[in-house]
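Below is one structure, written out as C-alpha cells; the observations come after it.
There are 2 protein chains.
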Amino acid sequence: MALEDYPKPSVTVDIIIFTIKENDLKVLLVKRGVEPFKNKWAIPGGFIKLDEGLKEAAKRELEEETGLTADYLEQLYSFGDVKRDPRGRVITVSYFALIQTDKKLKPRTDAIDARWFSMYDLPELGFDHEKILNYALKRLKWKFEYTTAAFSVLPKKFSLTQLQKIYEIVFNKKFDKRNFRKKILSLDIIEPTKDRLEGVSYRPAQLYSFKGKIGDIIEII
Amino acid sequence: MALEDYPKPSVTVDIIIFTIKENDLKVLLVKRGVEPFKNKWAIPGGFIKLDEGLKEAAKRELEEETGLTADYLEQLYSFGDVKRDPRGRVITVSYFALIQTDKKLKPRTDAIDARWFSMYDLPELGFDHEKILNYALKRLKWKFEYTTAAFSVLPKKFSLTQLQKIYEIVFNKKFDKRNFRKKILSLDIIEPTKDRLEGVSYRPAQLYSFKGKIGDIIEII
DNA sequence: CCAAAAGTGTTGGTTTTACACCCATGG
DNA sequence: CCATGGGTGTAAAACCAACACTTTTGG
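Chains as they are written, first to last, in this note's numbering: chain A, 160 to 380; chain B, 160 to 380.
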C-alpha cells in the first residue's frame, strides 16, 4: 500500500518560549488574527512544510514570530486529541525554547502581536494551549533541576546571585546563599572570569562563565 | 486559510515494547513483509486514523501486533526527519510500552512475524529504528530510576529478589541485597502479602504487592 | 559614613555505602 | 544433610541543612 492510501492529518509545530525577565518567568504568546479563537492569545506556531524537519520548522516559526533564535530548543510533546482543533484533525508537535534574559523581540511583520506574559498571570488561551503550557512548566522545572539548561538563559558572564535568582523564580522559593554557591561551585561547571559586575553602587560581584555543555544531565538542586 | 491549503505529511505511531524475560531486557520487533526494508526487522506501528487519538492508535497497533495490552504506556518522542522514510514524508509519534514478564504473544494474524529480541543483540533494523530504540532505552532507564514504572513489568505478587533482578538487568549492574531492600521498603510503596513463592527447593520468598500508582515520580535508585 | 549586595565556615543530622552470616525449604 | 536462595544490622563516610557576620563599593 502506498502512503496515499492512508488519510493524513494536518501537522503543526508549536513553540513554548520561556525567558526570565523583571524577576518573573515569562512565556511568549501571540494574539490570533483569524478564527478559530480570533483575538485570543495562543502559543506561537504554524504548519510544517514537507521539506523541513520538525526542529527546523520550530526554528523557522520562532524566527518569524520573534526575530530571535533559541538559546535552548528541544522537543516537548506531541498533542493529537481528535477534537483539539475545531477545523479538523490537527496534530501538533510542541517544542520548548529558552531565550536569554536580555534579548529583545523584533517580530518580522507588524501584523504579529507577540508579547511576554507572566506564567503566573496568563490571559485566556485558545485550543488546548493552557494544558500545553502547564506541561511545559513541569518540563522547565525538571530541566532546571537535573540539567544545565538554566545557563542558556544567562548572558555569557553572570554572577552567582543572578544564577540563584533564576532558580528562585523558577522554583518559586528561596535558596540559602551559602549552600547554593557551595553546590554550584562543587559541580565544576563554571569558572570565574577576570570581570566584575559594573555600574553598581555596592560591592561588585565576581562574574563567572559556564564551561559545561548546555543540557547536560547533572543534578543541580 | 483552511487546513487544506497546507500540505500534509503522513503520520504513523510506533510502539517500543519492552519486557524482561530470560534474565534479559527484550524488545518486540516485527519482520516487514513489504518494501521498503522488506524482510528487515522493525518497531511495530502503523498509520493513525483520523478519528482516533495518538495513544488510542498506539493501543490499537499494540493489540493488533501482539494481542496484548500494555501494562505501561506513554509517549516517547516524535521523529520527523524529512528523509526517514523513502516513500515520502512520514512523521512518527513513538510510544513506549512495558509488558509484564510472564505474558505470551498472540498476534492477530499468522502473517505477523513478531519476536522478542535482546536489546543487547539487535538484528539489522529498517528506517531510523535503531536510533529510536536507543532513545527508548535511555528513557527506560530514567523511568526505572525515578518512577515506579518498573512495577508494571512484575506480576501482582512478587519477591524483592525478582524486583532487584529487574533493576540489575536494566542497569546492567549488581546492587547490594541489604541496601536494595532497605531502600525499597523505606519508600512505602509495597506491602507484604500472605503468600510465599511456591515450588522452589529453597527457602520460599515472601511475596509483596505494589500499593503505589504506576508511573509516580519517586526516586527509587 | 551609609546603604546595598557580595562573600565566606562550621556543626548536627541524615543518608548512603560497605560488608558476612544464619535461616528455611525440598530433595 | 546438602544445596540454594532468603533474610537480616551496624559502623564509617559522605552529604545536606541551618545558620550570621564581615567586606567592598559608590555616592
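Backbone N, C-alpha and C define an ideal beta-carbon position, used for all residues, glycine too.
{"Query": "Positions along the segment 166-178 of chain B whose CB lies within less than 8 Å of some CB in chain A", "Result": "Pro166, Lys167, Pro168, Ser169, Val170"}
{"Query": "C-alpha distance - A/Tyr246 paired with A/Phe196, whole-angstrom precision", "Result": "Reading off the sequence shown, one finds Arg at residue 246 of chain A, where the question assumed Tyr. Whole-angstrom Cα-Cα distance: 11 Å."}
{"Query": "Start-to-end residues for the beta strand (DSSP E) that takes in A/Lys353", "Result": "349-355"}
{"Query": "Neighbourhood of B/Ser239 by C-beta, 6 Å cutoff - its chain only, sequence neighbours within 5 removed", "Result": "Reading off the sequence, residue 239 of chain B comes out as Gly, not Ser. Around B/Gly239: Ile250."}
{"Query": "Between the CA atoms of B/Asp272 and A/Asn331 - distance to the nearest angstrom", "Result": "52 Å"}
{"Query": "Those residues which DSSP pairs with B/Glu233 across a bridge", "Result": "B/Phe255"}
{"Query": "Same chain, Cβ closer than 7 Å to B/Ile328, neighbours up to 5 away in sequence not counted", "Result": "Ile179, Asn182, Asp183, Leu184"}
{"Query": "Residue-level contact to chain B via CB, A/Val189, 7 Å cutoff", "Result": "no"}
{"Query": "CA-to-CA distance, A/Val172 to A/Phe310, given in whole angstroms", "Result": "25 Å"}
{"Query": "Where the alpha helix (DSSP H) containing A/Ala216 begins and where it ends", "Result": "213-225"}
{"Query": "Chain B within 7 Å of A/Gly239, Cβ atoms only", "Result": "yes"}
{"Query": "With 16 other Cβ atoms within 10 Å as the buried cut-off, status of A/Glu220", "Result": "buried"}
{"Query": "Contact with chain A by B/Asp375, beta-carbon distance below 7 Å", "Result": "no"}
{"Query": "Neighbour flag for A/Val252 against chain B, beta carbons, 7 Å", "Result": "yes"}
{"Query": "Nearest-angstrom Cβ-Cβ length linking A/Leu118 and A/Leu227, presumed shorter than 8 Å", "Result": "Outside the modelled stretch of chain A, which goes from 160 to 380, sits residue 118 of chain A, for which no answer is possible."}
{"Query": "Proximity of B/Val189 and B/Glu224 at Cβ, strictly below 7 Å", "Result": "yes"}
{"Query": "is_contact[B/Asp287, chain A] using C-beta, thresh 7 Å", "Result": "no"}
{"Query": "Under 7 Å by beta carbon: chain A residues contacting B/Gly212", "Result": "Gly239, Asp240, Val241"}
{"Query": "Counted within 10 angstroms of its Cβ, other Cβ atoms place A/Lys370 as buried (16 or more) or exposed", "Result": "exposed"}
{"Query": "Neighbour flag for B/Phe206 against chain A, beta carbons, 7 Å", "Result": "yes"}
{"Query": "Proximity test, Cβ basis, 7 Å: B/Gly247 and chain A", "Result": "yes"}
{"Query": "Cross-chain neighbours of B/Tyr361 in chain A, by beta carbon under 9 Å", "Result": "Per Cβ cutoff of 9 Å: no residues; B/Tyr361 is ~40 Å from chain A at best."}
{"Query": "Span separating the alpha-carbon of B/Asn338 from that of B/Leu313", "Result": "21 Å"}
{"Query": "Reduced DSSP secondary structure (H/G/I, E/B, other) of B/Tyr367", "Result": "strand"}
{"Query": "Integer Cβ distance of B/Lys316 from B/Tyr279, believed to fall under 8 Å", "Result": "Not a contact, Cβ separation roughly 29 Å."}
{"Query": "Three or more C-beta pairs below 8 Å linking the segment 201-217 of chain B and the segment 342-354 of chain A", "Result": "no"}
{"Query": "3 or more residues per run - each beta strand (DSSP E) lying fully within the segment 291-321 of chain A", "Result": "none"}
{"Query": "Closest residue to A/Ser253 among A/Ala161, A/Ile376, A/Lys302, A/Ala295 (Cα-Cα distance)", "Result": "A/Ala295"}
{"Query": "Range of the contiguous beta strand (DSSP E) that encloses B/Ala206", "Result": "The displayed chain sequence assigns Phe, not Ala, to residue 206 of chain B. B/Phe206 -> beta strand (DSSP E) spans 204-206."}
{"Query": "Assumed close pair A/Gly395, A/Thr307 - CB separation to whole angstroms, cut-off 8 Å", "Result": "The question about residue 395 of chain A has no answer here: the residues shown for chain A are numbered 160 through 380."}
{"Query": "Partners in chain B for A/Tyr294, counting only beta-carbon separations shorter than 7 Å", "Result": "Neighbours of A/Tyr294 on chain B: none; closest Cβ ~11 Å, over 7 Å."}
{"Query": "Listed by chain order, chain A residues near B/Tyr236 by CB distance under 8 Å", "Result": "Gln234"}
{"Query": "Exposure of A/Leu257, with buried meaning 16 or more beta-carbon neighbours within 10 Å", "Result": "buried"}
{"Query": "Proximity below 7 Å, CB of B/Ile343 to CB of B/Phe255", "Result": "no"}
{"Query": "is_contact[B/Leu209, chain A] using C-beta, thresh 7 Å", "Result": "yes"}
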